[in-house]
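Have a look at the structure below, then the notes.
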Amino acid sequence: MAEVALSSRGRQHDGSPSTERGGRKLASLRRWMADAPAAYLLLAPVLVLFAFAVVYPVIQTVWISFWDIKGLAKPRFYGLGNFIALYNDANFRQTIVTTLLWTVCTTALSVSAGWGIALLCSLAPRPTLVPRVMIFAAFGVSEAVTGYIWLGVYRPDAGGLLNSLLGATGLGQFAHPWLGDSNTAIWCLIIAYSWAQTGLPLILIFAATQAISRNVLEAAYVDGATPMAIMRHIIAPLSMPGVRVALFINLLGSLRAFDTIYVLTAGGPVRSTETVGFFMFRESFTQFKLGYGAAATLVLLVAVLIVSLPAIIQRTAGAR
Amino acid sequence: MIGKAPRWVPIAVGAISIFWIIPLLGIVITSIRPVTDTVLGWWRLDHIELTLRAWFSVWSKYPLANGFWVSVQLAGVATLGSMIMTPAAAYAFHFLKFPFRRTLLIIIINAFVLPQQVVVIPLFTLWRQMGLIDNLLSVLIPYIGLSFAWSIFLVKNFLEDFPHELIEAGRIDGTGPISTFFHIVLPNSLSPIFAVGILQFLFCWNALLIPLLFLRTAAPLPVVFAQISGMFDPNWDLRAVAAIVTTIVPLMVFLVFQRQFAGGSLATSGSKE
C-alpha cells in the first residue's frame, strides 16, 4: 500500500519555469543527449524483469481465463465458459456483495476517521504529535499480524476483549461468537482493517493541513474566527486534496486486500468474508481451478481499473 | 496553528490514540504474561506475574529464526535490486531519447494499479515448469518487477527538478550518456532512491500472498506467522511473541522514517507548495 502513497498522483505538468531552468527545454535536451543504445542498456534489467513479472502474467491471466483447467486434468478451451459459470455461481455473487460492502465500508471508515483526527490535530499540531504516531503505528503493523491482533479482541473465550468488555458493562447478553457468525464476521474484519488503514489518511491529510498558507489562517483569526470555525470553514475545505489522495489509495488497497482476511477468517464462516481478491486465491490454489480463478481475477482487475481511471488518465497525460 | 486551540483537542486526540493502541498493547502484554493468566484476559490485574518464558521457548516451537533470516534475505535483495535498477531506468526515461520511450513509460507507470492477484496464477504455472517453486528467485522476480511501476515514477518525478545545467556542463566536458548518469545524476538523486528503498523494504517484508504461494520450506516471517495463527492453537503467548517478531522490523522502519514517508507522499501528491 505504502508504495502507492508516494506515487498516487503525478505533479502537474504545465511547463512550469522550474523545468526549463537550464535554458534548454527538456525535449531539446533529450534530442541533444540522444543515444538509444545507451538508453536500452540502462533500461535492460528493468524491461526484462518487468516483462517477466508483470507483462507476461497479465496477458497470461487473460488467456487462462478462457480455459477450463482443473487440477492435473488436460486443459480444454472454454471460451466465455468461466465467466458464465461465475455469473451463475451463487458463491461468487455473494463475493461481489461482500467485496462492495468491504471496500466501501473500510474506505469510508478509515478515511473519515483519519480526516477527523487530522483536522483535530491541525488545531494543535505539537501536543498531538505522540498520539498521531501511536495511531500511525497501527498502519505500520504487518497486515497478517493485524488479523491476529484483532483475534485477541474477538475471540469467544474469556480472553476475548470485546465480550469481556460487554460483560463488565452489564451488556453480557450481547456477548457473541463474533467471528463464528457469518453475519458478524465481515464487520469484525471491516473494523480490524479500517483500524490499521486509518494511519495513512491521517498522515496524508494532516500534511495537507500543514501546507495551508499561514496568511489565510491569520486573516481568519484577525477577523475574529474561533479555532473551531477556522477548522470547519478553512482547514476542512483546504484539506480536500489530501482527502482525495487518501480515498484513492485506500480504495485501491481495500479492493486488493488479502492478508488480513486470510489470517483472521480465511474467508469463513461459510465463505461469508470472501472478497474477490480472496475468492480467486481459494478457487485457484485450494481448488486448483486455475481458469476459473483467473476469470475471477479479471473481474477484480476491471473493478480496479474503473476505480483508477482518473489516476491513469492523469498519469498518462503527465508522462512526458 | 494561529490562536489557541481549545484544551479539549489534545486531550480528545490523546484519548483516541490510547483507545487505538489497546489491541496492540494486548499482544505485548500477552507475550510477557503466563498463558494461564491471559486466557482469562490479558488486562486482568488480580494475579500479576511477568515472564519471558514465551520469548525463549518460541524459537524451538516455531521456525521463526529461519523465517526471520529468509525475510532479511528477501527484503534485502529486493530492496537493493529496486534501488539499483530504478534510477538508471528513470534517468533513461527522463533525459534520453529512444524509440518507444513514451509508450514504455506509460505502460510501466500505470501498472501500479495492478493487484498482485493478477500476476500470481501464471507465475505459479511458470515457476512450476521452470522448477523455481521454493527458490527465492520465484519471489524476488515479482517483488522487484512489480516495484518498478511506482519506483520509476517516484524517481522520475524527482528528476523533473534536476538542473539541466549540470547535465549540459558534463556533456560539454565530454561525458557520455552512461557516465552522465553515474557521475552526475546518480550522486545527486540519493534522496528519492532512499525513499524507494524504504518503501520497497516495507512492502517486501510484509508481503504474504506471493511467498505463501511460491515458497515452501524457505518461508518468510508473515507466511510462518499466518500458518501458526489459526484460531484453535492455545499457545496465545507464543503466538503473541511471533506476532511481535514478525512486525517489529517494519514497524520500527516505519516509525523512524515517517517524516520521509510523509514528505515523499506530499511531494508526489501535487500539493508541494
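From first to last, the protein sequence lines stand for chains A and B.
Counting along the first sequence from 1, when you hit position 222 you're at 221 in numbering that gives the first Met the number 0, and nothing is skipped either side.
Counting along the second sequence from 1, when you hit position 5 you're at 4 in numbering that gives the first Met the number 0, and nothing is skipped either side.
Positions of the beta carbon are idealized from the N, C-alpha and C atoms, including for glycine.
As the structure is a prediction and not an experimental result, all values here were calculated from the model.
Residues of the same chain with a CB within less than 7 angstroms of the CB of Arg170/B, apart from the 5 flanking positions on each side, are Thr179 in chain order. Here DSSP, grouped into helix, strand and coil, assigns Trp41/B to coil. The bridge partners DSSP lists for Trp66/A are Phe76/A. In this structure, the alpha-carbon of Gly317/A lies about 11 angstroms from that of Phe152/B. For Val242/A, the enclosing alpha helix (DSSP H) covers residues Met239 to Arg255. Distance from Ala239/B to Ser30/B at the Cβ level is roughly 4 angstroms; contact confirmed, criterion being Cβ atoms closer than 8 angstroms. Listed by position along chain B, the residues whose Cβ is nearer than 7 angstroms to that of Gln59/A are Pro121.
Neighbours of Ala136/A across chain B, judged by C-beta separation under 8 angstroms: Ile20, Leu23, Leu250, Phe253 and Leu254.
Along the segment 68-79 of chain B, there is no position whose C-beta sits under 7 angstroms from a C-beta of chain A.
For the segment 191-252 of chain B, the continuous alpha helix (DSSP H) assignments of 4+ residues that do not extend past its boundaries occur at 208-213 and 220-227, in sequence order. Rounded to whole angstroms, Thr174/B and Phe147/B show a C-alpha spacing of 27 angstroms. Taken in chain order, the whole alpha helix (DSSP H) runs of length 4 or more contained in the segment 114-191 of chain B are 116-129, 136-158, 163-171 and 176-179. For Gln115/B, a Cβ of chain A is located within less than 8 angstroms of the residue's own Cβ.
Within chain B, no C-beta atom comes less than 9 angstroms from the C-beta of Gly267/A; the nearest is roughly 10 angstroms away. When only Cα atoms are considered, Pro36/A and Tyr55/A end up about 24 angstroms apart. Per DSSP, reduced to three states, the secondary structure at Gly179/A is coil, with no helix or strand assignment. Using a Cβ distance threshold of 8 angstroms, Asn134/B and Ile311/A do not count as a contacting pair.
Contacts between Ile63/A and chain B, judged by CB atoms closer than 7 angstroms, involve Ile120 and Pro121 in chain order.
A buried status is given to His93/B, since no fewer than 16 other beta-carbon atoms sit within 10 Å of its beta-carbon. For Ala294/A, the nearest beta carbon of chain B is not closer than 8 angstroms to its own beta carbon. The segment 115-128 of chain B makes no contact with the segment 42-56 of chain B; the number of CB pairs closer than 8 angstroms stays below 3.
Of the residues Ala302/A, Ile68/A and Pro268/A, the one whose Cα lies closest to the Cα of Asn90/A is Pro268/A. Between Val306/A and Leu250/A, the CB-CB gap stays under 8 angstroms. The segment 176-184 of chain A makes contact with the segment 144-161 of chain A; the number of CB pairs closer than 8 angstroms reaches 3 or more. Here Ser141/A carries a coil assignment [DSSP, helix/strand/coil].
The CB of Arg255/A comes closer than 8 angstroms to the CB of Pro114, Gln115 and Gln116 in chain B, given here in chain order.
One finds Gly151, Gly158 and Leu160 in chain A with Cβ atoms closer than 9 angstroms to the Cβ of Trp41/B, taken in chain order. Closest in C-alpha terms to Ala206/A, from the list Ile234/A, Gly266/A and Gln93/A, comes Ile234/A. An exposed status is given to Asp160/B, since fewer than 16 other beta-carbon atoms sit within 10 Å of its beta-carbon.
Here Ser56/B carries a helix assignment [DSSP, helix/strand/coil]. Closest in alpha carbon position to Met239/A, among Pro126/A, Val110/A and Glu282/A, is Val110/A. For Arg101/B, the chain A residues whose C-beta falls within less than 9 angstroms of its own C-beta are Ala318 and Arg319, listed in chain order. With contacts defined by Cβ atoms closer than 8 angstroms, Leu113/B and Val53/A form a contacting pair. Only residues of its own chain outside the window of five on either side were considered, and among them Thr197 have a CB closer than 6 angstroms to the CB of Ala112/A, listed in chain order. Counting of Cβ neighbours within 10 angstroms places Val301/A among the exposed residues, the total staying below 16.
A direct Cα-to-Cα measurement between Ala38/A and Val184/B gives close to 14 angstroms.
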